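Student:
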Amino acid sequence: MKSVITFEDLLCEAEQLFLSHDLYFGHGTTSAWDESVFLLSHAFRLGSDPKSDVLNQEVSIDQAEGFRKLCNRRVNERIPASYLTSTAWFCGLEFFVDTRVIIPRSPISELIFHRFSPWLTDQPNALLDMCTGSGCIGIACAYEFDEASVTISDICGEALEVARRNVEAHSLLNRIEIVKSDCFNDLLGKKFDLIVCNPPYVDSQEFAAMPNEYRHEPVQAMLSGEDGLRFTRQLLREAIDHLNPKGILVVEVGNSALALEQEFAHVPFIWPSVGVGDSGVFILSHDQLGENGHFFS
359 MKSVITFEDL LCEAEQLFLS HDLYFGHGTT SAWDESVFLL SHAFRLGSDP KSDVLNQEVS
419 IDQAEGFRKL CNRRVNERIP ASYLTSTAWF CGLEFFVDTR VIIPRSPISE LIFHRFSPWL
479 TDQPNALLDM CTGSGCIGIA CAYEFDEASV TISDICGEAL EVARRNVEAH SLLNRIEIVK
539 SDCFNDLLGK KFDLIVCNPP YVDSQEFAAM PNEYRHEPVQ AMLSGEDGLR FTRQLLREAI
599 DHLNPKGILV VEVGNSALAL EQEFAHVPFI WPSVGVGDSG VFILSHDQLG ENGHFFS
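In the working numbering, each residue's number is its place in the sequence shown (first place is 1) plus 358.
Here it is as structure tokens:
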């Protein structure tokens, strides 16, 4: 064993450990290397992209052992790195997370970066992030549309505690309203120019086959009936009453996209290309919701 241990040694050691144990990477990182960098950077406060001069620095034996214990928890308990560190990144912003909320990873982030163009034609005055969880989508939208009033909602009070913590951390309490609501039940009379929703959409078969890492996330934030569409059906029925005439509805349905298109074959869902592969995110305008409302009732 080397008498001197550097950050780079620990990084390579962690990567090999993760590769040898067939871990799943899909909670903010996509590889053993990225996961190792994330954990190392957090454990030693090295910043999100440590440079070679930093990585070549020595660490003490105690520091090395502490990091190895963290990595062993990742392997032995299959705990996602974001839960181990209570930290996640979304749209370039840092968020607090724990097991009360799912870890931010939505492809909706790409749409936010592009301001939902070309589908959102006007600057929104009011927008809603439904099923907000950690609050990441609503908070990112508040940064992107800095003159809009933002509402974030969730049925889960514990999730809203996390969301409030993040709203406070980003100093946005004066612009973001936090509402406990089951779909639109406690949003009566409110209308928005943009409604964004990352609802539960996992079907029972997919849920049963998910890697162990997902078992640490709240089931109610993922599972939505046998076909994954229970919540989305309600959302499609009710959204028209809460969307302004030039507004759009943006919803992530993941792998349930096929079931959605099969059930509503005549509805002209827009599936924007986001990153690599299918995003599982659809867009409908106010007019499209109105014209196809009979399919949703």
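Don't be surprised by glycine CBs; every beta carbon is placed ideally from N, CA and C. In this text, all values refer to a predicted model and were calculated from it rather than measured experimentally.
Pick out whichever of 552, 570, 442 and 582 has its Cα sitting closest to the Cα of residue 560.
Tutor: 582
Student: When we look at the beta-carbon of residue 498 and count the other beta-carbons within 10 Å, is it buried (16 or more) or exposed?
Tutor: Residue environment analysis places residue 498 among the buried positions, since at least 16 neighbouring C-beta atoms fall within 10 angstroms of its C-beta.
Student: Per the contact definition of three or more C-beta pairs closer than 8 Å, is the stretch 487–497 in contact with the stretch 509–526?
Tutor: Short answer: they touch.
Student: What do you get for residue 566, buried or exposed, if any count of 16 or more other CB atoms within 10 angstroms of its CB means buried?
Tutor: exposed
Student: Are there 16 or more other CB atoms within 10 angstroms of the CB of residue 517, so buried, or fewer, so exposed?
Tutor: buried
Student: Shortest alpha-carbon distance to residue 399 belongs to which of 366, 481, 380 and 476?
Tutor: 366
Student: Look at residue 489 and residue 470 and say whether their C-beta atoms are less than 7 Å apart.
Tutor: no
Student: Can you tell me where the beta strand (DSSP E) holding residue 424 begins and where it ends?
Tutor: Looking at the DSSP string, residue 424 is not in any beta strand (DSSP E); the run it does join, the alpha helix (DSSP H), is 419–434.
Student: Can you tell me where the alpha helix (DSSP H) with residue 525 in it begins and where it stops?
Tutor: 515–527
Student: Using a Cβ-Cβ cut-off of 7 Å (strictly less than) and excluding sequence neighbours within five positions of residue 373, which residues of its own chain qualify?
Tutor: 390, 391 and 394
Student: How would you call residue 306, buried or exposed, if buried means at least 16 neighbouring beta carbons within 10 angstroms?
Tutor: Residue 306 cannot be examined here, being either before or after the span of the chain that is shown, 359 to 655.
Student: Pick helix, strand or coil for residue 585, following the three-state DSSP scheme.
Tutor: coil
Student: I think residue 457 touches residue 576, with their Cβ atoms under 8 Å apart; what is that distance to the nearest whole Å?
Tutor: 7 Å
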